[in-house]
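**Student:** Got a structure for you, questions after.
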Amino acid sequence: MNALSLLKIALVVFGVVMLLIYPLSIVWPAGWAWHMGAPYESDYFMMIVGVYAVLGIFLILAARDPLANKSLIWFAAWSSLVHAGIMAQQSFGMTGGMNHMGHLMGDVPALLGVAVVLGGLLWSADKSAA
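Each residue of the sequence shown is one higher than the one before, starting from 25 at the first, in our numbering.
The structure is reproduced here in structure tokens:
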């Protein structure tokens, strides 16, 4: 399997995962939610869920022709890397008496995975196409 084929699969997989952020926060709140209580009780969390759901849909659509959607894929990769870095640093802080260390095993590695896999596969596929 070549890098382009793997990139198409990764785009669909990560797109689906982004659509599942809300259910993941219910199943494992310590790894996916940054507040106590149900996910819908936090306005900021619901905004993040909305943004990631839209990104997930567009990543799935980008799987049809990844090289025509390079800027979207690079955005997903770089923003995931930045988001993971900020979240990793914030995991060591305590806010409102809540410990966020679970994120170092949940959404931080997931975001790093998105960044490395999408960035690496896009770079490889783009290099092969040139």
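We put the beta carbon where it would ideally sit given N, CA and C, even for glycine. Here the structure is a predicted model, which is why all the values come from computation and not from measurement.
Short check: CB of A112 to CB of V132, under 8 Å?
**Tutor:** yes
**Student:** Which residue from Y46, I50 and A87 puts its Cα closest to that of M71?
**Tutor:** Taking only the C-alpha atoms, the option nearest M71 is Y46.
**Student:** Pull up the distance between the alpha-carbon of L28 and that of V37, whole angstroms please.
**Tutor:** 14 Å
**Student:** Which residue marks the beginning of the alpha helix (DSSP H) containing Y64, and which one marks its end?
**Tutor:** Counting along the chain, Y64 falls outside any alpha helix (DSSP H), and DSSP gives it neither H nor E.
**Student:** Would you call the CB atoms of M42 and Y76 closer than 8 Å?
**Tutor:** yes
**Student:** Assuming L85 and A139 are in contact, meaning their beta carbons sit under 8 Å apart, how far apart are those beta carbons, in whole angstroms?
**Tutor:** About 20 Å; that fails the 8 Å criterion.
**Student:** Could you check what DSSP says for D131 in three-state terms: helix, strand or coil?
**Tutor:** helix
**Student:** Exposed or buried, which one is G39 when buried takes at least 16 other CB atoms within 10 Å?
**Tutor:** buried
**Student:** Classify F116 as helix, strand or coil using the three-state DSSP reduction.
**Tutor:** coil
**Student:** Can you tell me the Cβ-Cβ gap for I97 and L142, rounded? I've got them flagged as a contact below 8 Å.
**Tutor:** 6 Å
**Student:** Return yes when at least one heavy atom of the ligand HEM lies under 7 Å from the C-beta of K32, else no.
**Tutor:** Absent from the structure shown: the ligand HEM. Ligands present: none.
**Student:** Could you give the distance in angstroms between the alpha-carbon of K32 and the alpha-carbon of L145?
**Tutor:** 9 Å
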